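Residue numbers (my numbering), protein chains in the order written: chain A, 3 to 184; chain B, 3 to 184. Note that CB positions come from ideal geometry on N, CA and C, so glycine has one too. Just so it is clear, the structure is predicted and the values come from calculations on it, not from any experiment.
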DNA sequence: AGCGCTCTCGCGGTTTTCGGACATGACCAT
DNA sequence: ATGGTCATGTCCGAAAACCGCGAGAGCGCT
């Protein structure tokens, strides 16, 4: 009944692949992902806003977000911390995502530590799940969460990109971090 | 996200109980039910428009619909046929409800006949279900559907009311119609 | 011992799947 | 007549599967 949410979609190249960016009328980031995972991103949007609950309109640099992302990749790391974001998700997921934004750039946290921080020390796997369901990767830095033993464990965009992002953010040990525990 | 749909709610007395009436800004009927089943009506609204997808604002005689209903109960039977109606529902349900409005006042149809009319002769039970899910009873005359053997079978507001409505509409045999097959 | 690896199992939120209930009625076998 | 079977759409609740984890046990090597 209520006309669908009007969202704007744009794309931009980065050193590790093309990004798809989705913003709303107010210039808040609603979704972002790598072009090669665009299908998954659209699926997530459908899940959050319903089948016909939104429409994607191509537009250049909506809300200036495309520029912001380029700036981040160019080396201005702090800029994403203040980027406006709006998401759906369950209460639990939103709690996890909020906690993600509190992880300082250049550092990492383990899944269990993150679970502890939101007051649900036992919900470790659930935190992993919520991490994977994050619609606004990079900006809400799910890549800063690693295994308890320092292994990179997983990343929706591919482990290689996770490693690159951490290195880009100057994480001291990121060069030696292996995909799996050695 | 999108602010909730603003709906107006009113009540009116009838010979067979109090009605709750819900209209939209454009004066179209969105829902109607007997006060003693108001909980079910609200449930249906939640189902169609989502948990926080609408709000009910008390208002006297919204869109003049309350007057229209009184007029119907006073004896002007034809007036409901032209009453504006807007509903959610699945494609199948909407098809069934549309077919209901084509049943002339003062006549009845069996569930199977109705199923045949919408081109789904086998979906007899499904038609019954869709009938029960009708959010705008009386106006979309689900009470004009009876069992193949003439029994009244069922009605969301109670069999007695179904019988009364049919009698009110001058259905010839309604006086002798029994709740269940004899 | 001490290290490091593998395997197993429990953890918990979300999604998916499945079965049942229902405002019927045609058909077939007792 | 009576009674069981089955088709059909949709919602709901229960149960199970799914995982971007991690602690602990068992085992083979220095």
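In DSSP terms, what residue i is bridged to
i, result
"residue 15 of chain B", "B:20"
"residue 57 of chain B", "B:8"
"residue 26 of chain B", "B:9"
Local conformation of residue i per DSSP, three classes
i, result
"residue 112 of chain A", "strand"
"residue 8 of chain B", "strand"
"residue 135 of chain B", "coil"
"residue 173 of chain B", "coil"
"residue 62 of chain B", "coil"
"residue 130 of chain A", "helix"
"residue 45 of chain B", "helix"
"residue 161 of chain A", "helix"
"residue 168 of chain A", "helix"
N- and C-terminal bounds of the beta strand (DSSP E) containing residue i
i, result
"residue 150 of chain A", "No beta strand (DSSP E) holds residue 150 of chain A; DSSP gives it neither H nor E."
"residue 33 of chain B", "31–36"
Extent of the continuous alpha helix (DSSP H) to which residue i belongs
i, result
"residue 68 of chain A", "67–76"
"residue 154 of chain A", "Here residue 154 of chain A belongs to no alpha helix (DSSP H), and DSSP marks it neither H nor E."
**the region 100–116 of chain A / the region 46–56 of chain A touching (three or more Cβ pairs under 8 Å)** = no
**Asked** Counting only runs that start and end within the region 81–128 of chain B, where is the alpha helix (DSSP H) found for 4 or more residues in a row?
**Response** 93–102 and 113–119
**Contact the region 97–110 of chain B vs the region 8–19 of chain B: 3+ CB pairs below 8 Å** = no
**Request:** Would you check if the region 32–41 of chain B and the region 147–164 of chain B touch, i.e. whether three or more CB-CB distances between them fall below 8 Å?
**Result:** yes
**Prompt:** Okay, do the region 162–170 of chain B and the region 136–154 of chain B touch, 3+ Cβ pairs below 8 Å being the bar?
**Reply:** yes
**Item:** contact_flag[the region 73–90 of chain B, the region 73–80 of chain A] where n(CB pairs < 8 Å) is 3 or more
**Value:** no
**Request:** Say whether the region 118–138 of chain A touches the region 55–72 of chain A, bearing in mind that this needs 3 or more beta-carbon pairs closer than 8 Å, one atom from each stretch.
**Result:** no
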